[in-house]
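For reference, the structure is listed below as structure tokens.
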Amino acid sequence: MTAIATIRIQEADFDVGQEIAALTRDRTDIGAVVSFSGICRGSENGEPIAALTLEHYPGMAEAEIKRHADEALSRWPLTGLTVVHRVGRITPGENIVLVLTASQHRQAAFQAAEFLMDYLKANAPFWKREEGLKGSSWIEARGHDDAAAERWTKS
Amino acid sequence: MKVKYFAWVRERVGMAEETVEPPADVRTVGDLIGWLAKRGESYAHAFETPRVIRAAIDHAHVKPDAAIAGAREIAFFPPMTGG
């Protein structure tokens, strides 16, 4: 069967266990699930932060995640895929993003999860603003995120 | 066409979206950035370093040389920092 990606952008937190259970419920074609959670750190470059606020481009964010999810489904033999990205104010220790990839064997699930996270970081229209001790500022994009996405480009 | 701004581009311009009607010689995304930058101080500040500005036409990433003819919605924003 062809897997269908579940994609959600939401302010509410998510429960990783519940998401895995929803992905695997009543299924016997899944032999591996890889779970990646991105979590809000309590410091950035040694400076403590109080919270992150995530802004997104509604419409394009969903479209861009779906485009990459569809590419992952076409490149690896996945049997399930879930992406949840939170927006709004997120405090240290809270979840930011979840990627779940399911397949019959682990290799496809590991590779697809890494591919999706690399692409989401570099291409999905989300922006983080951090609240520190001296006020708030937009987090700058890091060149190594672009490089991480670039390595998946087929030559 | 509708133009949308996000993150610090939105803050510097001072609004999230507007409708603009650029003249016919504004043909590409890069031309549009140049034209917007001349609309006032806030725009000049937002677009002072065009190479860091990312753009999308109708929800798809585009390069500065992309044609804007037929676009319904063009968005400008900084490099993305999600995930």
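Protein chains in written order, with my numbering: chain Z, -15 to 139; chain D, 338 to 420. Positions of the beta carbon are idealized from the N, C-alpha and C atoms, including for glycine.
- Remark: three or more beta-carbon pairs, one from each stretch, lie closer than 8 Å, so the stretch 1 to 17 of chain Z and the stretch 85 to 102 of chain Z are flagged as touching.
- In the three-state reduction of the DSSP assignment, Y41/Z falls in the coil class, being assigned neither a helical nor a strand state.
- Comparing C-alpha distances from I390/D to each of R409/D, L369/D, G351/D and G377/D shows the shortest one belongs to L369/D.
- Look at H398/D here: in three-state DSSP terms it is strand.
- Going by DSSP, K105/Z is part of the alpha helix (DSSP H) stretching over R90 to N107.
- Between the stretch 383 to 403 of chain D and the stretch 338 to 354 of chain D, the count of C-beta pairs closer than 8 Å reaches three or more; the two stretches touch.
- Within the model, the alpha-carbon separation for A53/Z versus L100/Z is close to 7 Å.
- Under the 10 Å beta carbon count, L117/Z is surrounded by fewer than 16 other beta carbons and is classified as exposed.
- The beta-carbon distance between A392/D and A412/D, rounded to whole angstroms, is 7 Å. This is short enough to meet the 8 Å contact definition.
- Chain order gives the chain D residues near L38/Z as G419, where near means a beta carbon separation below 8 Å.
- Scanning the stretch 14 to 82 of chain Z from its first residue to its last, the whole alpha helix (DSSP H) runs of 4-plus residues come out as 44 to 59.
- Cα atoms of T8/Z and V83/Z: separation of roughly 14 Å, rounded to the nearest angstrom.
- Per DSSP, the beta-bridge partners of K341/D are E354/D and A412/D.
- Between the stretch 92 to 107 of chain Z and the stretch 56 to 67 of chain Z, the count of C-beta pairs closer than 8 Å reaches three or more; the two stretches touch.
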